[in-house]
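Okay, structure first, notes after.
Residue numbers (the working numbering): 79 to 413.
Structure, rendered in structure tokens:
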């Protein structure tokens, strides 16, 4: 997607902004949408074009984001926020131009924090708590991606591919064995809530306010998946119990008694779930079955998949310690 200066003026005008930016550059941090930073004399604005190949119904995505923004508009405290998208002159939070959908938000500057792990966990936990407080709001959310976070579906597609022989049989057997464990935990009796569904380390910005961003996947899911993704992403380069503990304490504080006992028990398995799921997706790209990660070569995908398997081994090996961290954190948060 290419954004040219003429388009920029048109898009900004549709949001009631009548000045042109001093500069505009493409940001490369995101993998899905095309994102641009427009700098004005006194402020910066982010302009984003949604990827309609990934989000088949962008209207549902923007509807869900609108609900999140409405909920946080009514939230009285300033301990956590959700990224706020501007309302266009048409009254909705997006515009359409040349077959693309655009939205804008204010740029959020980031500060260094010695407490980033706890604050990130707290932000995601509090986000879930706030979103799920009102049952009437929950009913308004729509499912935006079918089969999202479906480990069994990803795994079966990988195994059924003839080229799966390129992957170690031992690894495939282990991933299949894990599927049985996960299906027992994530069954129809485990409570589903409105969750972020992409709760990586870099989707929380710690600035003047701790802000949850990248709301495109907010829909029904398991809290354990969000928790697991945060743990996975922060421990990718440093498998540390201290990291796990700080994040977990943050989640427990933010969730503030929301979860039932079964949900708390599922949190450990959420770590296994997202780590194994991501490994499967990288293996799928490695054998050429999919192209989830378009900027990665097959060799890069193979290396990343093996890194995730090593990470998974750590989580499995220290199950007892991690479960104890989870249980103690949630017990202490209720005191």
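We put the beta carbon where it would ideally sit given N, CA and C, even for glycine.
Source: prediction; values computed, not measured.
Near residue 372, which residues of its chain fall below 6 Å by C-beta distance, leaving aside the five closest residues on each side in sequence?
For the purposes of this step, residue 372 is identified with residue 294 of the chain shown, where counting begins at 1. So no residue of the chain qualifies.
At the level of alpha carbons, what is the spacing between residue 267 and residue 341?
The sequence position of residue 267 within the chain shown is 189, counting from 1. The sequence position of residue 341 within the chain shown is 263, counting from 1. Each residue's alpha carbon lies about 10 Å from the other.
CA-CA distance, residue 405 and residue 246?
Stepping through the chain shown from its first residue, residue 405 is reached at position 327. Stepping through the chain shown from its first residue, residue 246 is reached at position 168. Those two C-alpha atoms are separated by around 35 Å.
Where residue 104 sits in the DSSP three-state scheme:
In the chain shown, counting from the first residue as 1, residue 104 sits at position 26. It is a strand residue.
Measure the CB-CB distance between residue 118 and residue 102 and report whether it falls below 8 Å.
As a first step, residue 118 must be located in the chain shown, where it is residue number 40. As a first step, residue 102 must be located in the chain shown, where it is residue number 24. The answer is no: Cβ separation not under 8 Å.
Can you tell me where the beta strand (DSSP E) holding residue 247 begins and where it ends?
Translated into the one-based positions of the chain shown, residue 247 becomes position 169. Premise fails: residue 247 lies in the alpha helix (DSSP H), 247-263, not in any beta strand (DSSP E).
Straight-line Cα distance separating residue 193 from residue 385:
Your numbering for residue 385 matches position 307 in the chain shown. Your numbering for residue 193 matches position 115 in the chain shown. Distance between the alpha carbons of residue 385 and residue 193: 26 Å.
Looking at residue 283 and the ligand NAP, is the gap between the Cβ and the nearest heavy atom below 7 Å?
Here there are no bound small molecules, and the ligand NAP is not part of this structure.
Grouping DSSP H, G and I as helix and E and B as strand, with all else coil, what is residue 113?
Residue numbering aside, residue 113 sits at position 35 when the chain shown is read from its first letter. Note: residue 113 maps to strand in three-state DSSP.
Identify whether residue 217 lies in helix, strand or coil by the three-state DSSP scheme.
Taking the chain shown and counting its residues from 1, the one referred to as residue 217 is at position 139. Correct three-state label for residue 217: coil.
Going by the CB atoms, is the gap between residue 393 and residue 349 shorter than 8 Å?
On the chain shown, position 271 is the one that residue 349 refers to. On the chain shown, position 315 is the one that residue 393 refers to. Yes.
Per DSSP, what kind of secondary structure is residue 480 in: helix, strand or coil?
With the chain covering 79 to 413 only, the question about residue 480 has no answer from this structure.
Residue 287 vs residue 159 beta-carbon contact at 8 Å
The count along the chain shown starts at 1 and reaches residue 287 at position 209. The count along the chain shown starts at 1 and reaches residue 159 at position 81. Yes; because the gap between Cβ atoms is below 8 Å, this pair is in contact.
Does the region 275-287 come close enough to the region 198-215 that 3 or more CB-CB pairs lie under 8 Å?
yes
Within its chain, find whatever has a CB closer than 7 Å to the CB of residue 187; leave out the 5 residues flanking it on each side and keep chain order.
Within the chain shown, the letter at position 109 stands for residue 187. Around residue 187: 285.
By alpha-carbon positions, which one of 380, 400, 408 and 410 ends up nearest to residue 249?
As a first step, residue 249 is located in the chain shown; it is residue number 171 there, counting from the start. With distances taken between Cα atoms, residue 249 lies closest to 380.
Using a Cβ distance threshold of 8 Å, determine whether the region 326-334 contacts the region 254-264, with at least three qualifying pairs required.
no
Near residue 369, which residues of its chain fall below 8 Å by C-beta distance, leaving aside the five closest residues on each side in sequence?
In the chain shown, residue 369 corresponds to position 291, counting from 1. Cβ within range, chain order: 363.
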